[in-house]
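J.: Numbering (UniProt numbering), first residue to last: 1 to 296. Backbone N, C-alpha and C fix where the C-beta goes; we use that ideal spot for every residue, glycine too. Quick caveat, the model's predicted, so the values are computed rather than measured.
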Amino acid sequence: MTADILCIGSVLWDIIGRSPTAMRLGSDVPGRITRLPGGVAMNIAMTLRRFGLVPGLLTTIGRDPEGDELIAACARMGMVTDHIYRSEDLPTDRYMAVEGANGLIAAIADAHSLEASGDKILRPLGDGRLGSAVSPWVGLIALDGNLTEALLSQIATSALFARADLRVAPASPGKAERLRPLLEHPGATLYVNLEEANILCAADHDSAPAAAQALLDRGAQRVLVTHGGKTCAEGTKGAGVIADAPPPVLVTRITGAGDTFMAAHIVAERRGEGREAALASALRAAATYVSGEIGS
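This is the structure we're talking about:
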């Protein structure tokens, strides 16, 4: 099976506790706890799969029981797992979050194994399996910000990525600064929320269109900036900024919404949709996701 797009970054177990009750610090409420395949790269890959694309995963997964289960789950979903780096001494990564009726309460991402693996996860792009320095991968790559800043800096100037259509997402606002080296990559499109955009801009813009323009002014080639249920924006160097708002929905979940938006936008452009139509398609998909109408 040949991959339509490579998803590089975190593939781990999501352990999510959800309650229909509004929560605060110290709350102890009934709810549901689930364990599902997750991680930024995995969430993007799952959405791409729902739209009919075949994602290839480049990540690190431990040779432990949790890792074997995760590999099997990915394969069952129709993803290419042949090029995943399996570590003998690093455990499979995990993410834990608590969500209430009032949104995300707290989350902890344990992606230490991915970070410790460094550029080992990129070996298939250089050893001929997926490409090489003289004949690099040509096509889509979804890249997530759970990679270390050193590795993202390496990717920004690497010949292995020189011809790729790079779609980049931060793992969280706390890791947004890691994306700075990729801002001026000629093939990079950055998908960020308003908080992450402001971190990259070192500014405090109050709207997505303003933040998108600021990122273009700082050298970005193309950016998409989301702002929850408010107006979102897409900015392209030389073509300016466009904006649109997501349809109003009842929010039942948050984790994975940004990854769904990114994947839906990629698919829309692959279908040949223009800037305005692709942005609208991505916003509809994200709204449907947070409303709970698409199974996670």
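Measuring CA to CA, which of G258, L36 and P91 is closest to Y191?
T.: G258
J.: DSSP beta-bridge partners for R35?
T.: I15
J.: Using the Cα positions of G295 and S27, report the straight-line distance between them to the nearest angstrom.
T.: With a pLDDT of 46 at G295, under the threshold of 50, the modelled position of that residue is not reliable, and the figure given next carries that caveat. Going from the Cα of G295 to the Cα of S27 covers about 27 Å.
J.: Under DSSP, the alpha helix (DSSP H) around G131 begins and ends at which residues?
T.: Note, G131: premise wrong, no alpha helix (DSSP H); not H, not E.
J.: Which one of S281, V11 and T21 has the shortest CA to CA distance from L57?
T.: V11
J.: Between T21 and the rest of its own chain, which residues show a CB-CB distance below 8 Å, the 5 nearest in sequence each way excluded?
T.: S27, V29, P30, G31, G100 and A101
J.: To the nearest angstrom, report how far apart G238 and D217 are at their CA atoms.
T.: 11 Å
J.: How would you write the range of the alpha helix (DSSP H) that T157 sits in, first residue to last?
T.: E149 to T157
J.: Nearest CA to the CA of A286: which residue from A156, T60 and M262?
T.: M262
J.: Just to confirm my understanding: we take D14, look at its own chain, exclude 5 residues before and 5 after, and list those with CB closer than 6 Å. What are they?
T.: L36, G38 and Y95
J.: Put S87 into one of helix, strand or coil per three-state DSSP.
T.: strand
J.: Throw me the rounded Cβ distance for the I8 and D144 pair, which I believe falls under 8 Å.
T.: 7 Å
J.: Compute the Euclidean distance between the alpha carbons of R275 and T226, then round it to the nearest angstrom.
T.: 15 Å
J.: Report the residue from L151, G272, D93 and L166 whose alpha carbon sits nearest the alpha carbon of E184.
T.: Of the listed residues, the one whose Cα sits closest to E184 is L166.
J.: Under 8 Å, do R86 and G67 count as touching if we go by C-beta distance?
T.: yes
J.: Rounded to a whole number of angstroms, what is the C-alpha to C-alpha distance between S135 and R271?
T.: Approximately 26 Å between the Cα atoms of the pair.
J.: Please report the distance separating the alpha-carbon of T157 from that of S19.
T.: 44 Å
J.: May I have the straight-line CA-CA distance separating M42 from N198, to the nearest angstrom?
T.: One Cα belongs to M42, the other to N198, and the distance between them is close to 26 Å.
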